[in-house]
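Structure record follows, encoded as structure tokens.
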Ligand SMILES: C[S@@+](CC[C@H](N)C(=O)[O-])C[C@H]1O[C@@H](n2cnc3c(N)ncnc32)[C@H](O)[C@@H]1O
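Numbering (the numbering used here), first residue to last: 900 to 1187.
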């Protein structure tokens, strides 16, 4: 059973499903909502991260098409003259989109890019000089997909400079999508949930707590629900099938009637609650 293992089943199917979801947000790979991307920049500290006159060193894990990364870099350039940015991203297609975006954006001229077309696992397995340290290491909605969540968190932590910051975005354990994952796992999961993509902020917090690392959290991802999922309810719709695969991180959910009906029932319940105004207050939400 492939529950929670969409990317392991097929990275190509995963990318196609991710694109279908982005289209349902009304965005594509290039035109993501700027406010969404900038909301990550707002999470960076306002203080300077390194000595004046030296490069801020940034490590991006799973940067995708780079639109969130670019917003982070622009925020850093408000305080720093130059940035060294190492990009670790396995998908050639995503890296090409990122490079195109950079070449068209003159405001990123002071950034030195170091492209690594690799998974996080491949990157961290490579021997790095002991003093390879970064002032900011970020992983924005990617820790679902690394082989070993704890090992990747440890590797990221070890490459952090003294006083540096790690910025992690991952589905909140409190949000409705995570509740769907937990239920899916409870009913249909096999093995260890942490070996699948069904990971949430609860799992990251457990690791940080166990290591005694202090952190701040923010649960304000109101953008997550600004998405039209009505196609999921249309059995004939290939786009709907892909979106459902992405929401459940499970390949070909529509060919598994029990899982499909559980997932759709859960989505219907979210919508009912939303309509009752219990979960969502965003006026322009388009969840149908
Ligand atoms: C949901 S996207 C997020 C992209 C980007 N961080 C953003 O927020 O727009 C997840 C990204 O992680 C990449 N990815 C998948 N498995 C990975 C791995 N093992 N190591 C690093 N990146 C990975 C995918 O290619 C994809 O670009």
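Glycine included, each C-beta is placed from N, C-alpha and C at the ideal position.
Through-space distance from residue j to residue i, alpha-carbon basis
{"i": "residue 1022", "j": "residue 1172", "result": "43 Å"}
{"i": "residue 909", "j": "residue 950", "result": "44 Å"}
{"i": "residue 1011", "j": "residue 999", "result": "15 Å"}
{"i": "residue 1060", "j": "residue 1090", "result": "36 Å"}
{"i": "residue 1118", "j": "residue 1050", "result": "25 Å"}
{"i": "residue 1168", "j": "residue 1031", "result": "48 Å"}
{"i": "residue 1017", "j": "residue 990", "result": "8 Å"}
{"i": "residue 1163", "j": "residue 1133", "result": "11 Å"}
{"i": "residue 1093", "j": "residue 952", "result": "42 Å"}
{"i": "residue 1075", "j": "residue 1147", "result": "12 Å"}
{"i": "residue 1056", "j": "residue 992", "result": "28 Å"}
{"i": "residue 1160", "j": "residue 1166", "result": "10 Å"}
{"i": "residue 1135", "j": "residue 1141", "result": "11 Å"}
{"i": "residue 1027", "j": "residue 1053", "result": "15 Å"}
{"i": "residue 1046", "j": "residue 961", "result": "13 Å"}
{"i": "residue 967", "j": "residue 939", "result": "7 Å"}
{"i": "residue 1085", "j": "residue 1038", "result": "27 Å"}
{"i": "residue 1104", "j": "residue 1081", "result": "16 Å"}
{"i": "residue 997", "j": "residue 906", "result": "21 Å"}
{"i": "residue 1191", "j": "residue 974", "result": "The shown model of the chain, from 900 to 1187, leaves out residue 1191, and the question about it has no answer."}
{"i": "residue 919", "j": "residue 1150", "result": "14 Å"}
{"i": "residue 948", "j": "residue 1116", "result": "20 Å"}
{"i": "residue 946", "j": "residue 1041", "result": "26 Å"}
{"i": "residue 1170", "j": "residue 1008", "result": "44 Å"}
{"i": "residue 944", "j": "residue 1108", "result": "22 Å"}
{"i": "residue 1158", "j": "residue 1071", "result": "22 Å"}
{"i": "residue 1155", "j": "residue 1137", "result": "15 Å"}
{"i": "residue 1077", "j": "residue 1006", "result": "37 Å"}
{"i": "residue 1073", "j": "residue 1102", "result": "12 Å"}
{"i": "residue 976", "j": "residue 932", "result": "21 Å"}
For residue i, the first and last residue of its enclosing beta strand (DSSP E)
{"i": "residue 904", "result": "Element bounds for residue 904: n/a, residue is neither H nor E."}
{"i": "residue 1011", "result": "1010–1015"}
{"i": "residue 1060", "result": "1059–1068"}
{"i": "residue 986", "result": "982–987"}
Inter-residue CB distance, residue i and residue j (contact presumed, cutoff 8 Å)
{"i": "residue 1015", "j": "residue 985", "result": "6 Å"}
{"i": "residue 970", "j": "residue 1024", "result": "Incorrect: roughly 29 Å between the Cβ atoms, too far for contact."}
{"i": "residue 994", "j": "residue 988", "result": "5 Å"}
{"i": "residue 1100", "j": "residue 903", "result": "No, residue 1100 and residue 903 are not in contact; Cβ-Cβ is about 16 Å, not under 8 Å."}
{"i": "residue 1033", "j": "residue 957", "result": "6 Å"}
{"i": "residue 1066", "j": "residue 942", "result": "6 Å"}
{"i": "residue 1152", "j": "residue 923", "result": "At roughly 16 Å, the Cβ-Cβ gap does not stay under 8 Å, so residue 1152 and residue 923 are not in contact."}
{"i": "residue 1001", "j": "residue 963", "result": "Not quite, the Cβ-Cβ distance comes to about 13 Å (not below 8 Å), so this is no contact."}
Segment limits, alpha helix (DSSP H) that includes residue i
{"i": "residue 913", "result": "910–923"}
{"i": "residue 959", "result": "First-last for residue 959: 955–960, but that is the beta strand (DSSP E), not the alpha helix (DSSP H)."}
{"i": "residue 1083", "result": "1075–1087"}
{"i": "residue 968", "result": "966–976"}
{"i": "residue 1103", "result": "1100–1110"}
{"i": "residue 936", "result": "933–940"}
{"i": "residue 1116", "result": "Note, residue 1116: premise wrong, no alpha helix (DSSP H); not H, not E."}
{"i": "residue 996", "result": "991–1002"}
Quick check on the DSSP output: what are the complete beta strand (DSSP E) runs of length 3 or more inside the stretch 1020–1056, in order along the chain? 1033–1039
Kindly provide the ranges of any alpha helix (DSSP H) runs that are 4 or more residues long and lie completely inside the stretch 1130–1156, ordered along the chain.
-> 1137–1147
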